[in-house]
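Some notes on the structure that comes next.
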Amino acid sequence: MPHTPVWFMRQAGRSLPEYRKIRAGVGMLESCRRPELVTEITLQPVRRHHVDAAILFSDIVVPIAAAGVDLDIVAGTGPVVAEPIRAEADLERLRPITPADVDFVAESVKLLVAELGATPLIGFAGAPFTLASYLIEGGPSRTYLKTKAMMYAAPKLWDALLSRLADITLTFLRTQIDAGVSAVQLFDSWAGALSEADYREHVLPHSARVLRGLADAGVPRIHFGVGTAVLLRAMGEAGADVVGVDWRTPLDHATGIIGPDHALQGNLDPAILFAGWDVVRCEADRVLEQGRAAPGHVFNLGHGVMPETDPDVLTRLVAHVHEASAR
Ligand code: CP3
């Protein structure tokens, strides 16, 4: 590629008027289960922004719902689980999944690959820890109190839960890969709540089982989390090819921590998109410059696009990254 590739986490979604229009009156989970709608929503940011990759429109809780958990995605809140998992007996509500349980995902991927031509499609899943946090808390949390309490007080239950989640995640990602995605991203969005020691002991083995389980699949594996400055090395060791870095850690510093075997993805602060074009351009140039220290760099934000973002700024940013990185 003559320039640094660029795509955005949450590039499909509420920042786009065409998304808000097509989603009107259709629930989030229901949208994820309609291959034609998924295809249209996934393509919207590719058409508009000319990003170098599409990311499948879905959600991290889609495979959990397919596994039998009663949950909903509530607008403005996020995933809400009707009966949280707190004890051994609750594990029965989380069955293993087969590819047939998520056949709508395979169908969506096939439709998309046919439409996208040379543009790669990125598949994704939530990592066991981040999924567990929703299942144990019952919804989003700022403190992860119940999650951490289970991790410390009931390590056997914890391991059983995260093992089940790792199996579900592996099947979910395999299904996407078999249907034709070109890369996968494992979102451990909330792993930054943990110390390095706890991450290594209680979380890394499960994420590693997912990532290493895909080693023979022949697609790049991206491993991303937020607030992960102290976890970056461990997240690379879990078996990723690319480590996603949030905006808190400069990429030249991150590559020094993670080492020369991993490319990096990131890491413009999504809030910068609200600061006016001169600031956006200047900060994008800084990210590109710091990214040159890494053995490979995929330009992205340090977390997802905020719903209030002006989509024209994203379009302009893509053009700028292409132009500035080709020089
Ligand atoms: O464009 C893309 O990135 C692909 C689509 C995508 C969605 N969710 C669609 C979505 C992806 C990759 C996700 C992953 C996801 N979902 C994560 C990991 C990424 C991250 O942001 O850290 C997490 C933690 C979730 C759980 C979740 N689902 C949250 C926190 C929310 C937001 C709640 C809200 O309304 O603010 C959702 C809902 C969701 N997932 C929306 C979208 C477009 C918004 C729902 C809507 O449009 O009605």
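Using this note's numbering, the letters of the sequence shown map in sequence onto residues 60 to 386.
C-beta atoms are modelled at their ideal positions from N, C-alpha and C, and glycine is treated no differently.
Q) For the ligand CP3, is there a heavy atom less than 6 Å away from the beta-carbon of P138? A) Yes, Cβ of P138 sits closer than 6 Å to a heavy atom of the ligand CP3.
(Q) Quick check on DSSP: helix, strand or coil for R79? (A) In the structure shown, R79 falls within a helical segment according to DSSP collapsed to helix, strand and coil.
Q.
Using only the alpha-carbon positions, how far apart do M294 and L323 sit?
A. Our two residues, M294 and L323, have alpha carbons roughly 12 Å apart in a direct line.
Q | Minimum C-alpha distance to F246 - residue among G185, Y193 and Q70 | A | When only C-alpha atoms are compared, the closest one is G185.
Q: Please indicate yes or no: does the CB of A71 lie closer than 6 Å to some heavy atom of the ligand CP3?
A: Yes; taking the cut-off as 6 Å, the Cβ of A71 has a heavy atom of the ligand CP3 nearer than that.
Q.
Going by C-alpha to C-alpha distance, which of V285, E99 and V339 sits closest to D369?
A. Comparing Cα positions, the closest option is V339.
Q: Confirm the yes/no value for this check: CB of A134, any heavy atom of the ligand NAP, distance under 6 Å.
A: This structure lacks the ligand NAP; its bound ligands are the ligand CP3.
**Q.** DSSP-derived helix/strand/coil call for P94
**A.** The answer is helix: DSSP assigns P94 an H, G or I state.
Q) Would you report the Cα separation of A256 and A274, rounded to the nearest angstrom? A) Each residue's alpha carbon lies about 25 Å from the other.
Q) Taking Cβ to Cβ, would you say I281 is nearer than 7 Å to V304? A) Taking 7 Å as the Cβ cut-off, I281 and V304 do not qualify as a contacting pair.
Q) Which value, in whole angstroms, describes the spacing of the CA atoms of R152 and F283? A) Taking the straight line joining both Cα atoms gives about 28 Å.
Q) So, P158 versus S241, is the Cβ gap smaller than 7 Å? A) Not in contact: P158 and S241 (Cβ atoms no closer than 7 Å).
Q | Option in T234, L327, T228 and A297 with minimal Cα separation from H261 | A | Out of T234, L327, T228 and A297, A297 has the C-alpha closest to the C-alpha of H261.
Q. Among residues of its own chain, excluding the 5 on either side of P309, which ones have a beta-carbon nearer than 6 Å to its beta-carbon?
A. The answer, listed in chain order, is Q349.
(Q) On the CB-based measure, 16 or more other CB atoms within 10 Å of its CB, does D419 come out buried or exposed? (A) Absent from the structure is residue 419, since the part of the chain shown begins at 60 and ends at 386.
Q. Looking only at its own chain, which residues have a Cβ that is under 6 Å from the Cβ of G182, when we skip the five neighbours before and after it?
A. If we look at G182 and ignore the five residues flanking it on each side, its Cβ neighbours are L115, Q235, V240 and V243.
Q: Consult DSSP for H356 and reduce its assignment to one of helix, strand or coil.
A: Three-state result, H356: strand.
Q. Comparing alpha-carbon positions, which option in P329, V346 and L332 lies nearest A313?
A. Answer by Cα proximity: V346.
Q.
Considering only heavy atoms of the ligand CP3, does any lie closer than 6 Å to the CB of G198?
A. No, the ligand CP3 has no heavy atom inside 6 Å of this Cβ.
Q: Please report the residue range of the beta strand (DSSP E) in which V235 lies.
A: Reading the sequence as shown, one finds Gln at residue 235 and not Val. According to the DSSP assignment, Q235 belongs to no beta strand (DSSP E) but to the alpha helix (DSSP H) extending over P214 to A238.
Q | Where the beta strand (DSSP E) through D131 begins and ends | A | Per DSSP, D131 belongs to the beta strand (DSSP E) from L130 to V133.
Q) Whose CA, out of E142, V120, P143 and A126, lies closest to the CA of I132? A) For the residues E142, V120, P143 and A126, the minimum Cα distance to I132 belongs to V120.
**Q.** Own chain residues within Cβ distance below 7 Å of A125, not counting five before or after
**A.** Here the set comprises I156, D160 and V161.
Q) Start and end of the beta strand (DSSP E) containing G137? A) Under the DSSP assignment, G137 falls in the beta strand (DSSP E) whose first and last residues are G137 to V140.
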